[in-house]
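What follows is a short report on a single structure.
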Amino acid sequence: MILSPASLLLVASFGVLIASEVVEVDFLFPRNETYAPAEWFPVVFAFPNAKPPQILKSSLSYRLWNTDNMTGLDPESFTYDLLWSNWSRHDTYFAYHIFHNKFATEGRWRVTWNFAWESCEGDEIRFEDYGRFIHNYSAWGTSFTIKNSAQKVDLTSATTTNRTCPGDQAVAINATGQTMTSHYDTSCGVVDSSNPAPMADRCRVKVDSTTVERMSADWKERLCRNGRDTSIDCPKEENSAANRLVVIARSCSLAALGAFGFIF
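Counted the way mature numbering (1 follows the signal peptide of the UniProt record, and there is no 0) counts, the sequence shown spans residues -19 to -1, 1 to 245.
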């Protein structure tokens, strides 16, 4: 784990609800547990209060390692474009990827993730609102296993029942919502390092069945739109509005039957 000087505000225990100014990112799934092979397997991050981190010029990325087959293989890397995300759509914003058949056989895996952002310290303003410009970086990792005799992948159950929430796998930042010009003549978000560190609590995030259905429908629509998975039964392009409803309806039907693996 790498910490920046004074700007990175991490939490090692649970806490009360964080203030609206706080930007928080939680790694929700998978946990450090063992799961049964699944045709569809999610990797999920959450921003609990959907506070837009664009002002911090942040980025979220992760890597997946098959630890049973490390020889000569590079990990798969994924990065989320947080700048153009729709933060007003839901109270909690989810950044996720649903893998198809990647975790359909037994194996041991490692996921490493990092959240990076740029900030200025508001209590060190000098030279007509010029502040100290800081690059912040937080890195975490967890391991999980795929085994035939294990529990089925269930995102709802993982976030609502029998939960333990260690203080890692989450980052919280005291963002003031203000900007200033840095020494490099670029704008940066001001963080408040004078107050106690906010408390990140990923146990607050619950993914209910309605949210899972919406995620499934959105992901299926994305696959159909990009044509990246030939195993998906996608509607034809004509009458796109009506076809979108067909995609969502089919996705919800699959979800109800458990065909997406991590549902129910």
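Where is the CB? At the ideal position from N, CA and C, for every residue including glycine. Computed from a predicted model, the values in this text were never measured in an experiment.
Please determine, among THR162, ASN155, ARG91, GLN132, the residue with the shortest C-alpha to C-alpha distance to PHE114.
-> Stepping through the sequence shown from its first residue, residue 114 is reached at position 133. Of the candidates THR162, ASN155, ARG91, GLN132, the one whose C-alpha sits nearest the C-alpha of PHE114 is THR162.
Secondary structure of LEU45, DSSP reduced to three states | Taking the first residue of the sequence shown as position 1, residue 45 is located at position 64. Strand.
Any idea what DSSP makes of LYS200, helix, strand or coil?
-> Taking the sequence shown and counting its residues from 1, the one referred to as residue 200 is at position 219. Note that residue 200 corresponds to Trp in the displayed sequence, not to Lys. Helix at TRP200.
Closer than 8 Å by C-beta to CYS205: which residues in its own chain qualify, once you throw out the five before and the five after it? Chain order, please.
-> Mapped onto the sequence shown, residue 205 falls at position 224. Once the five neighbours on either side are set aside, the close Cβ partners of CYS205 are ILE213, CYS215, PRO216, VAL228.
Near PHE59, what residues of its chain come up, given a Cβ to Cβ distance below 7 Å and the 5 sequence neighbours on each side ignored?
-> Indexing the sequence shown from 1 puts residue 59 at position 78. Taken in chain order, the residues that qualify are SER42, TYR43, HIS78.
Boundaries (first-last residue) of the beta strand (DSSP E) holding residue 255 | Residue 255 cannot be examined here, being either before or after the span of the chain that is shown, -19 to 245.
What is the rounded straight-line gap between the Cα of TYR74 and the Cα of PHE96?
-> As a working mapping, residue 74 is identified with position 93 in the sequence shown. As a working mapping, residue 96 is identified with position 115 in the sequence shown. Cα-Cα distance, rounded: 15 Å.
Between THR160 and VAL193, what straight-line distance do the alpha-carbon atoms span, to the nearest angstrom?
-> By one-based count along the sequence shown, residue 160 stands at place 179. By one-based count along the sequence shown, residue 193 stands at place 212. Answer to the nearest angstrom: the Cα atoms are 36 Å apart.
Mapping DSSP to helix, strand and coil, what is LEU9?
-> Start at 1 with the first residue of the sequence shown, and residue 9 comes out as number 28. Strand, per DSSP.
Could you pull out every residue in the same chain whose Cβ sits closer than 7 Å to the Cβ of VAL186, ignoring the five residues on either side in sequence?
-> Counting from 1 along the sequence shown, the entry for residue 186 is found at position 205. Contacts found: ASP7, LEU9, ALA27, PRO29, THR73, THR140.
Spell out the partners DSSP gives ASN101 in its beta bridges.
-> Residue 101 sits at position 120 when you count from the first residue of the sequence shown. Checking the sequence, you will find Cys at residue 101 rather than Asn. Paired residue(s): PHE114, VAL171.
Tell me, which residues are paired with PHE26 by DSSP?
-> Within the sequence shown, numbered from 1, the residue matching residue 26 stands at position 45. Answer is PHE8, ALA76, bridged to PHE26.
Host beta strand (DSSP E) of SER58 (start-end) = Start at 1 with the first residue of the sequence shown, and residue 58 comes out as number 77. Looking at the DSSP string, the run of the beta strand (DSSP E) that includes SER58 is 57 to 61.
Taking LEU64 as part of the alpha helix (DSSP H), name the residues at either end of that continuous run.
-> As a working note, residue 64 is residue 83 in the sequence shown. Careful: LEU64 lies outside any alpha helix (DSSP H) and carries neither H nor E.
Could you give the distance in angstroms between the alpha-carbon of ALA85 and the alpha-carbon of ASN129?
-> In the sequence shown, counting from the first residue as 1, residue 85 sits at position 104. In the sequence shown, counting from the first residue as 1, residue 129 sits at position 148. Whole-angstrom Cα-Cα distance: 9 Å.
Helix, strand or coil at ALA131 according to DSSP, with G and I counted as helix | Reading the sequence shown from its first residue, position 150 is the one you call residue 131. Reduced to three states, the DSSP call for ALA131 is coil.
Taking the alpha-carbon positions, what's the LYS133 to PHE125 distance?
-> Residue numbering aside, residue 133 sits at position 152 when the sequence shown is read from its first letter. Residue numbering aside, residue 125 sits at position 144 when the sequence shown is read from its first letter. Distance between the alpha carbons of LYS133 and PHE125 is about 13 Å.
Contacting residues, own chain, Cβ-Cβ under 7 Å from GLU14 (five flanking each side not counted) | Here residue 14 is taken as the residue at index 33 of the sequence shown, counted from 1. The answer, listed in chain order, is PHE125.
Taking all protein chains shown into account, decide if LEU64 is buried (16 or more other Cβ within 10 angstroms of its Cβ) or exposed.
-> Along the sequence shown, one-based indexing puts residue 64 at 83. By the 10 Å Cβ count, LEU64 comes out exposed.
Euclidean distance between Cα positions of GLU20 and TRP200 | The residue labelled residue 20 in the question sits at position 39 within the sequence shown. The residue labelled residue 200 in the question sits at position 219 within the sequence shown. Cα to Cα, GLU20 sits roughly 14 Å from TRP200.
Drop a sphere of 10 angstroms on the beta-carbon of ASP62, count the other beta-carbons inside from all chains shown, and report buried for 16 or more, exposed for fewer.
-> For the purposes of this step, residue 62 is taken as the residue at position 81 of the sequence shown. Looking at its Cβ environment, which holds fewer than 16 other Cβ atoms inside 10 Å, ASP62 is exposed.
Determine the DSSP secondary structure at ALA207, reduced to helix, strand or coil.
-> For the purposes of this step, residue 207 is taken as residue 226 along the sequence shown, with counting starting at 1. Here residue 207 turns out to be Asn, not Ala, going by the sequence shown. In the structure shown, ASN207 sits in a helix (DSSP, three-state: H, G or I).
Considering only the beta carbon of each residue, do LEU136 and VAL172 sit closer than 8 Å?
-> As a first step, residue 136 must be located in the sequence shown, where it is residue number 155. As a first step, residue 172 must be located in the sequence shown, where it is residue number 191. No, Cβ-Cβ distance for LEU136 and VAL172 is not below 8 Å.
Extent of the continuous alpha helix (DSSP H) to which THR141 belongs = Taking the sequence shown and counting its residues from 1, the one referred to as residue 141 is at position 160. Per DSSP, THR141 belongs to the alpha helix (DSSP H) from 136 to 141.
Have a look at GLY88 and ALA181 and give me their C-alpha separation to the nearest angstrom.
-> Along the sequence shown, read from residue 1 onward, the residue named residue 88 stands at position 107. Along the sequence shown, read from residue 1 onward, the residue named residue 181 stands at position 200. So the two alpha carbons sit approximately 31 Å from each other.
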